[in-house]
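Numbering (the working numbering), first residue to last: 4 to 155.
Built from N, CA and C at the ideal position, the CB exists for glycine as well.
(1) Going by beta carbon distance, what residues of the same chain come within less than 8 Å of residue 128, once the five residues before and after it are set aside?
(2) Using the Cα positions of residue 99 and residue 39, report the straight-line distance between them to the nearest angstrom.
(3) Quick one: is residue 148 buried, meaning 16 or more other Cβ sit within 10 Å of its Cβ, or exposed?
(4) If I'm right that residue 97 touches residue 145 with Cβ under 8 Å, what's the distance once you round it to whole angstroms?
(5) So, helix, strand or coil for residue 157, using DSSP?
(6) Residue 117: buried (16+ other C-beta within 10 angstroms of its C-beta) or exposed?
(7) Cβ-heavy atom distance between residue 131 and the ligand NAP below 8 Å?
(8) Could you spell out the range, first to last residue, of the alpha helix (DSSP H) harbouring residue 41?
(9) Can you tell me which of 43, 124 and 66 puts its alpha carbon nearest to the alpha carbon of residue 105?
Given below as structure tokens:
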């Protein structure tokens with residue numbers, strides 16, 4: 004359903020790239036558009052955003068983002084290898100708690116809230132590892148990329 008491909012940046016200056024791209028796209032259904040100075044398009048966009056960050060009000064998430072957490076172990080949906088005892092309870096570790104999905108539109112200033120409970124009653128702080136994935140619905144963090152851990 005793509006109707007238009009806008010080619011900007013340094014590679015857009017390459018006639019070979021444009022020729023190859025046009026050869027791969029059915030141009031009766033999809034147009035390839037390259038501005039007069041494709042390298043300047045990036046610079047102009049950055050300058051416009053720098054002068055007024057509210058010009059870009061939404062972004063499309065390139066990845067699925069989430070936090071690693073634990074939940075009560077359910078043998079019907081959790082692999083045995085992730086079973087662990089936490090605070091005297093049988094839990095499944097490495098669960099990917101999805102916050103934003105790949106391809107999801109995120110608004111400027113959008114707030115997403117999550118509530119987590121302590122693993123054991125006397126816990127006063129926790130490390131929350133943040134992960135990303137190209138999978139729209141990751142279930143576990145084992146095979147996903149860890150970005151950063153925040154302490155709360």
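Judging by the given coordinates:
(1) Locating residue 128 in the chain shown gives position 125, counting from the first residue. Closer than 8 Å at Cβ, skipping near neighbours: 154 and 155.
(2) On the chain shown, residue 99 is found 96 positions in, with the first residue counted as 1. On the chain shown, residue 39 is found 36 positions in, with the first residue counted as 1. Whole-angstrom Cα-Cα distance: 45 Å.
(3) The residue labelled residue 148 in the question sits at position 145 within the chain shown. Exposed is the call here.
(4) Counting from 1 along the chain shown, the entry for residue 97 is found at position 94. Counting from 1 along the chain shown, the entry for residue 145 is found at position 142. Sure, about 5 Å apart at Cβ, within 8 Å.
(5) Because the chain is modelled from 4 through 155, residue 157 falls outside the range shown and cannot be assessed.
(6) Here residue 117 is taken as the residue at index 114 of the chain shown, counted from 1. Exposed.
(7) No copy of the ligand NAP appears in this structure; indeed no ligand is present at all.
(8) Position 38 of the chain shown, counted from the start, is the residue given in the question as residue 41. From DSSP, the alpha helix (DSSP H) with residue 41 extends over 41-54.
(9) The count along the chain shown starts at 1 and reaches residue 105 at position 102. The option with the nearest alpha carbon to residue 105 is 66.
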